[in-house]
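Listed in order, the protein sequences are those of chains H and Y. Heads up, the first sequence is in my numbering, so the first residue is 3 and it goes up one at a time. Heads up, the second sequence is in my numbering, so the first residue is 3 and it goes up one at a time. Backbone N, C-alpha and C fix where the C-beta goes; we use that ideal spot for every residue, glycine too. Note that the coordinates shown come from a computational prediction; the quantities given were computed from them, not determined experimentally. Have a look at the structure below, then the notes.
Number of protein chains: 2
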Amino acid sequence: MFSYTADSLKSELNSKGWRLTPQRETILQVFQTLPRGNHLSAEELHDILGQRGEPISLSTVYRTVKLMARMGILRELELAEGHKHYELNSASPHHHHHLVCVQCNRTIEFENDSIWKQGLKQVDRAGFQMIDCQLTIYTICPEALRMGWPASVPSRWMCSRSIASMEPTATPEVSSSQV
Amino acid sequence: MFSYTADSLKSELNSKGWRLTPQRETILQVFQTLPRGNHLSAEELHDILGQRGEPISLSTVYRTVKLMARMGILRELELAEGHKHYELNSASPHHHHHLVCVQCNRTIEFENDSIWKQGLKQVDRAGFQMIDCQLTIYTICPEALRMGWPASVPSRWMCSRSIASMEPTATPEVSSSQV
DNA sequence: TGTCTTCTTGAAATTGAATGGCGTTAGAAT
DNA sequence: ATTCTAACGCCATTCAATTTCAAGAAGACA
Chain H
3 MFSYTADSLK
13 SELNSKGWRL
23 TPQRETILQV
33 FQTLPRGNHL
43 SAEELHDILG
53 QRGEPISLST
63 VYRTVKLMAR
73 MGILRELELA
83 EGHKHYELNS
93 ASPHHHHHLV
103 CVQCNRTIEF
113 ENDSIWKQGL
123 KQVDRAGFQM
133 IDCQLTIYTI
143 CPEALRMGWP
153 ASVPSRWMCS
163 RSIASMEPTA
173 TPEVSSSQV
Chain Y
3 MFSYTADSLK
13 SELNSKGWRL
23 TPQRETILQV
33 FQTLPRGNHL
43 SAEELHDILG
53 QRGEPISLST
63 VYRTVKLMAR
73 MGILRELELA
83 EGHKHYELNS
93 ASPHHHHHLV
103 CVQCNRTIEF
113 ENDSIWKQGL
123 KQVDRAGFQM
133 IDCQLTIYTI
143 CPEALRMGWP
153 ASVPSRWMCS
163 RSIASMEPTA
173 TPEVSSSQV
């Protein structure tokens, strides 16, 4: 797996007419020291930077993650309820997909080559060019069940991402939550 | 495939302590007369209702589609860039996935049972309960290419949903766009 | 049918993620 | 060192979506 240094980041930026700035270096470093498999929203990233004593303005954070997603350094994920998250996009990407618990928002990654292949097949069939391919599976996880969420969804219920926001009763906080 | 009448909708609502209102009946009817495979945003639905001479306030539209998604009558889709769309969730759902052009936002549906099966396999492996499963493939479509969008993305580029918003040059309008 | 309870509506205000404008700061090429 | 302009930070703005609240209506029951 390829890892950026300040120099390689600089040359990649410069090759497109962009500049290396302390902010960009810092933000990339946060992602590079993030435990593998974690992802951050712009807002979360902004908080982390503040806690580290290197505050960066929120608009710069937004601009930077978008730029890095554009460059292919970060991967943009749309998981639960209109929150975008970003994660390192390794040079030889082990493409992964996500399981999201609609109750506690916990996410779990998994890899599955045949999904990627199926996606590629669909794109070829349509004569398009594939850029990214993400399977998101919405589930209820065992922990959420244990903590008192409804034991099952109505049989006809196929998509229930809205449960959480429609049940104003206490939302169980899951300590290992990533979202 | 099961289809709601005013009566069956009423009993399903009442069984949960909710009420049948003209607004809810009208909104369901719009979805039921919508060509198969189409989906609407709350905003679009609101416009359609206005054009039909049966204006319903935007907040009611939002509340109703969320309620119907919760009941399993509608399926909530999160397609391009923070726009939620809704479609009828047929009783024997033909589960479909989406191709999204990152340039013109056009979406194309496709069905693929093996993706659903792969998803199910993953969920079983984790001991979870599957609620929904959606593959979203980000592409550049031939029309967008023809209209002058960049012919290719950088080789390292894995996720580029941000292109459109970062290229402030004219956005090609595609007439058959659904989004 | 009339009365009562409370769910629902509509209008307006509010939230919250994300973006844009603009004056200033600071990369990096010459 | 000078010059050009990308990038920053602050702040206002946008836009989807939600909430608030008084008025209205659905449904239950007598």
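Check, Outcome
"Residue 74 of chain Y classed as buried or exposed, judged by whether at least 16 other C-beta atoms fall within 10 angstroms", "buried"
"DSSP three-state assignment for residue 58 of chain H, whether helix, strand or coil", "coil"
"Nearest-angstrom Cβ-Cβ length linking residue 47 of chain H and residue 27 of chain H, presumed shorter than 8 Å", "With a Cβ gap of about 14 Å, residue 47 of chain H and residue 27 of chain H do not count as contacting."
"Interface residues of the region 114 to 127 of chain Y facing chain H [CB-CB below 7 Å]", "114, 116, 117, 120, 121, 124 and 125"
"Cα-Cα separation, residue 70 of chain H to residue 114 of chain H", "25 Å"
"Whole-angstrom C-beta distance between residue 99 of chain Y and residue 141 of chain Y, which should lie under 8 Å", "That pair is no contact at about 12 Å."
"Listed by chain order, chain Y residues near residue 112 of chain H by CB distance under 9 Å", "124, 127 and 128"
"Close beta carbons around residue 29 of chain H, own chain, < 6 Å, minus the five adjacent residues each side", "66"
"Close beta carbons around residue 63 of chain Y, own chain, < 6 Å, minus the five adjacent residues each side", "44, 47 and 48"
"Cα-Cα separation between residue 58 of chain Y and residue 24 of chain Y, rounded to whole angstroms", "10 Å"
"For residue 134 of chain H and residue 41 of chain Y, the rounded distance between their alpha carbons", "23 Å"
"is_contact[residue 134 of chain Y, chain H] using C-beta, thresh 8 Å", "yes"
"Chain H contact for residue 29 of chain Y (CB, 8 Å cutoff)", "no"
"Candidates H:110, H:34, H:7 and H:9, of which the one nearest residue 90 of chain H by Cα", "H:34"
"Contained alpha helix (DSSP H) runs [length at least 4] in the region 97 to 128 of chain Y, N- to C-terminal order", "115 to 128"
"Chain-ordered neighbours of residue 142 of chain H on chain Y, where CB pairs are closer than 8 Å", "130, 131 and 133"
"Pick from H:116, H:125 and H:87 that is closest to residue 124 of chain Y, judged by C-alpha positions", "H:116"
"Through-space distance from residue 85 of chain H to residue 179 of chain H, alpha-carbon basis", "Since pLDDT at residue 179 of chain H reaches only 31, below the 50 mark, its modelled position is unreliable, and the value read off the structure follows with that caveat. Looking at the two C-alpha atoms, the distance is approximately 15 Å."
"Any C-beta of chain Y under 8 Å from that of residue 7 of chain H", "no"
"DSSP state of residue 51 of chain H mapped onto helix, strand, coil", "helix"
"Proximal residues of chain Y, C-beta to C-beta of residue 101 of chain H below 8 Å", "124, 125, 128 and 130"
"Sequence-distant residues of its chain with Cβ nearer than 8 Å to residue 60 of chain H (five each side left out)", "44, 45 and 48"
"Residues bridged to residue 141 of chain H (per DSSP)", "H:103 and Y:132"
"For residue 111 of chain Y and residue 128 of chain H, the rounded distance between their alpha carbons", "11 Å"
"Counterpart residues of residue 87 of chain H in DSSP-defined beta bridges", "H:79"
"Straight-line Cα distance separating residue 6 of chain H from residue 32 of chain H", "12 Å"
"Contact belief for residue 88 of chain Y with residue 72 of chain Y at Cβ below 8 Å, rounded distance in angstroms", "About 12 Å; that fails the 8 Å criterion."
"C-beta neighbour in chain H for residue 178 of chain Y, strict 8 Å", "Residue confidence for residue 178 of chain Y is low, a pLDDT of 31 falling below 50, so the modelled location carries little weight; the figure read from the coordinates is stated next. Residue 178 of chain Y does not count as touching chain H."
"Enclosing alpha helix (DSSP H) for residue 18 of chain Y [first to last residue]", "Residue 18 of chain Y -> no alpha helix (DSSP H), and no H or E assigned at all."
"Alpha-carbon to alpha-carbon, residue 131 of chain H and residue 131 of chain Y", "33 Å"
"Distance between residue 8 of chain H and residue 79 of chain H (C-alpha atoms, nearest Å)", "25 Å"
"CA-to-CA distance, residue 37 of chain H to residue 155 of chain Y, given in whole angstroms", "With a pLDDT of only 37 at residue 155 of chain Y, under 50, the local geometry of the prediction cannot be trusted, and no value is derived from it."
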